[in-house]
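Enquirer: Listed in order, the protein sequences are those of chains A and B. The first sequence: position 9 = 9 (our numbering), numbered continuously. Position in the second sequence (first residue = 1) + 334 = our numbering. For glycine and all other residues, C-beta sits at the position ideal for the given N, C-alpha and C.
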Amino acid sequence: MRVPSYGGPTTYEGQFPHMIEARGLTKRYGDKTAVDGLTFTVRPGIVTGFLGPNGAGKSTTMRMILGLDAPTSGTVTVDGKPYREHAKPLQAVGALLEARAVHTSRSAYNHLRALAATHGIANSRVDEVIDLVGLQEVARKRAGGFSLGMGQRLGIASALLADPSTLILDEPVNGLDPEGIRWIRDLLKSLAAEGRTVFVSSHLMSEMALTAEHLIVIGRGRLMADTSVADLIAGASTTVVTVRTPQAAELGRALAGPDVTVSSTAADLLEVTGVAAAQIGEVARDLGLVLHELTPQQASLEEAFMDMTRDEVEYHAAATPAPGTTAPTSRSAA
Amino acid sequence: MTAGSHVAVAPAPSRATVAVSPVSQRRVLVSEWIKMRSLRSTGFTLLAAVVAMIGIGWIVGAATNSHWSSMDPRELAGFEPIGRSLAGVNLAQLAIGVLGVLFISGEYATGMIRATFSAVPTRLPVIWAKAALFAAVTFVLMLVSAFVAFLGGQHFLASHGTTLSAPHAVRAIVAVAVYLTLIGVFAVALGFILRSTAGGIATLFGLLLVLPGIGQVLPASWQTHTLPYLPSNAGSSMFTVVQDNPSALSPGTGLFVLCLWVAAALVAAAVLVRRRDA
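#1: Please list the partners that residue 88(A) has in chain B, where partner means a Cβ-to-Cβ separation under 8 Å.
#2: Taking the Cβ atom as the reference point for each residue, do residue 22(A) and residue 40(A) lie within a distance shorter than 7 Å?
#3: By Cβ distance, which residues of its chain are closer than 8 Å to residue 269(A), with the 5 residues on each side in sequence left out?
#4: What residues from chain A crowd round residue 369(B), counting only those whose CB sits closer than 8 Å?
#5: What beta strand (DSSP E) runs, 3 residues minimum, are completely inside the stretch 115–192 of chain A?
#6: Would you grab the beta carbon distance between residue 392(B) and residue 490(B) for me? Rounded to a whole angstrom, and I think it's under 8 Å.
#7: Throw me the rounded Cβ distance for the residue 120(A) and residue 361(B) pair, which I believe falls under 8 Å.
#8: Alpha carbon to alpha carbon, how far is residue 593(B) from residue 437(B)? Give it in angstroms, no decimals.
#9: Excluding the five sequence neighbours on either side, which residues of its own chain have a C-beta within less than 7 Å of the C-beta of residue 482(B), listed in chain order?
#10: Please state the DSSP three-state secondary structure of residue 206(A).
#11: By DSSP, does residue 88(A) sit in helix, in strand, or in coil?
#12: Of all Cβ atoms in chain B, is any one closer than 7 Å to the Cβ of residue 139(A)?
#13: Roughly how many whole angstroms lie between the Cα atoms of residue 675(B) and residue 103(A)?
#14: If I measure Cβ to Cβ from residue 373(B) and keep anything under 8 Å in the same chain, skipping five residues before and after, which residues do I get?
#15: To the nearest angstrom, report how far apart residue 35(A) and residue 457(B) are at their CA atoms.
#16: Terminal residues of the continuous beta strand (DSSP E) containing residue 243(A)?
#17: So, are the CB atoms of residue 538(B) and residue 431(B) less than 7 Å apart?
#18: Given that a residue counts as buried once 16 or more other Cβ atoms are within 10 Å of its Cβ, and exposed if not, what is residue 109(A)?
#19: Taking 7 Å as the limit between beta carbons, can you name the residues of its chain near residue 105(A), skipping five residues before and five after?
#20: Flag residue 36(A) as yes if its beta-carbon sits less than 7 Å from any beta-carbon of chain B, otherwise no.
#21: Along the stretch 55–69 of chain A, what residues have a CB closer than 7 Å to any CB found in chain B?
#22: Identify which residue in 411(B), 572(B) and 600(B) has its Cα closest to the Cα of residue 503(B).
#23: Suppose only complete runs of 4+ residues qualify. What are the alpha helix (DSSP H) ranges in the stretch 355–398 of chain B, listed by chain order?
#24: Alpha carbons only, please: which of 199(A), 261(A), 44(A) and 138(A) is nearest the one belonging to residue 95(A)?
#25: Whole angstroms is fine: what's the gap from residue 201(A)'s alpha carbon to residue 38(A)'s?
#26: Can you give the Cα-Cα distance for residue 192(A) and residue 275(A), rounded to whole angstroms?
#27: Rank 84(A), 229(A) and 164(A) by C-alpha distance to the C-alpha of residue 129(A) and give the top, closest one.
#28: Measuring only the C-alpha atoms, how far is residue 338(B) from residue 447(B)?
#29: Would residue 26(A) pass as a contact of residue 60(A) if the rule is Cβ separation under 7 Å?
#30: Within 7 Å (strictly less), CB to CB, does residue 373(B) reach chain C?
#31: Strictly under 7 Å for the Cβ-Cβ distance: is residue 163(A) near chain B by that measure?
#32: Go ahead and pull the three-state DSSP assignment for residue 296(A).
#33: Terminal residues of the continuous alpha helix (DSSP H) containing residue 286(A)?
#34: Please state the DSSP three-state secondary structure of residue 274(A).
#35: Listing by chain order, which chain A residues have their CB less than 8 Å from the CB of residue 361(B)?
#36: To test your reading of the DSSP string, which unbroken alpha helix (DSSP H) runs of 4 or more residues are found completely within the stretch 463–545 of chain B?
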């Protein structure tokens, strides 16, 4: 019986079922550090997005969770123990990895049957997951002839095979058409709603904004944020307030301060940063000024992400050295 | 954060419980059996090995019989009917070796190995299952093929042939099957060690075919201490009926030496597969 839990207090983390816990997880290839001291917890009941630019170390981290790559240092456990120590690993974690993990000459059906056999799973369950992902028509055909979207569906079928309590999916919407993307999104949310741990990587903040509730953001292998989607928007970028008033110059002078930026693109228009919309309204009332518009411009998730990873993107269009680190706003690192 | 939004977005699929058993060596063996049978290349390559083993034995038998009167005395002096009918072993070992490497390298090339090692994260059961399965299939198939090659070969040799009751006949036939089985397992281990089809096949053929040739240019005193211990020479001493090479190993020693090669390759494969990132 899985009890859904929706983000309980941090102190109970160790007692939660179906959790991924990384502690100081590090992976080096020669002198290149792919993953650098990652500490995070992925909790059940919600979709957790794993976000970072290409080359940030997302796939490496996921492979370490699955025991495919050994960490240089640090540990990662699933449900309290390393993946390798699970007697029924496919039931602990179902995974869809970025690169296809299917023999191209084998049919989808036989691929799933071979995986199922390692855990003594009946062929009826194989038929079930084939139906679930909608591959009935092509299940007996060579997987090598599959389109990218069909390949992703087969990957998801194998991830769901043993009805796992944790799902790890690396860029699951890559190559899918809008209908397929919507299908994955709904699937992930319903799997999480059943109380499972769902950990999904993406380099697209826009996709994560629609799917995930919690985000773990990494750049150059380092943890940059471990936060809810809402908190990320609120915290990572300053909010701009658009003010439209006939007495723009007067209001602008009144708002001026050390941490406040006021800019104007039209005679009656101000773009204010550093002051909350409510405060601007109060100032205007005190001065008896008329406001025609007072709009906080919520920074989009994409902007928040760009802000956060600007210095940490592995491959810049223009070569800019990345000095220092951005302070992670980590919640579960404590 | 509340659950409300999730539940509203998509209805939860039914959670009928799926019966899942712990991973065991036996279950991994079943899985590998499914994998082996579900690739068309397995059938084709095994068929090639069978055809090579039987076809060459029969053709050599028929050709020898029809040219008997024109064979020169030296050739006649060295004539040995059992070995002639089993000459296909040289070609069959290539088919078996290629298939053994492919059985593993195919998984690395396609990325399947990540699915395999996700399902069996301790990894070693996969090596043992693949090696045991490949050994069993090769042995059964090649034992039957060697018998058929022998019987047909003797039939085509007609009056120059011999029978199963001849000295060393059964030993040679079984030894051919054992040799091909050990070469097959050796190839499986090479597949795990090198992870690439080209590298695995090149290494195997280098060891079986090229190294003995290179060894010929060594000083004679070195040759006697090295060449007999190469896998191919140790193997052929197992099934050679009339041994004309004085430095060759005895059949029993040959089997022992070849087993050492295979064991060393399997141990290396196990160590590397456990240690390396998949």
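Expert: In brief:
#1: 354, 355, 356 and 357
#2: yes
#3: 242, 243, 244 and 248
#4: 103, 106, 110 and 114
#5: 166–170
#6: 6 Å
#7: Indeed, because the Cβ distance is near 5 Å, the residues count as touching under 8 Å.
#8: 20 Å
#9: Contacts found: 388.
#10: DSSP places residue 206(A) in helix when its eight states are reduced to three.
#11: coil
#12: no
#13: Here chain B comprises residues numbered 335 to 612, so residue 675(B) is not present and cannot be evaluated.
#14: 440
#15: Rounded to the nearest whole angstrom, the C-alpha separation of residue 35(A) and residue 457(B) is 24 Å.
#16: 240–244
#17: yes
#18: buried
#19: 142 and 144
#20: no
#21: 66, 67, 68 and 69
#22: 572(B)
#23: Listed in chain order, they are 359–371.
#24: 199(A)
#25: If I take the Cα positions, the gap works out to 15 Å.
#26: The alpha-carbon atoms of residue 192(A) and residue 275(A) are separated by roughly 38 Å.
#27: 164(A)
#28: In this prediction, residue 338(B) has a pLDDT of 38, which is less than 50 and means its spatial position is unreliable; nothing more can be read from the coordinates.
#29: no
#30: Among the protein chains of the structure shown, namely A and B, there is no chain C.
#31: yes
#32: strand
#33: Segment 277–287, the alpha helix (DSSP H) holding residue 286(A).
#34: Here residue 274(A) sits in coil by DSSP.
#35: 117, 118, 119 and 120
#36: 503–528 and 531–539
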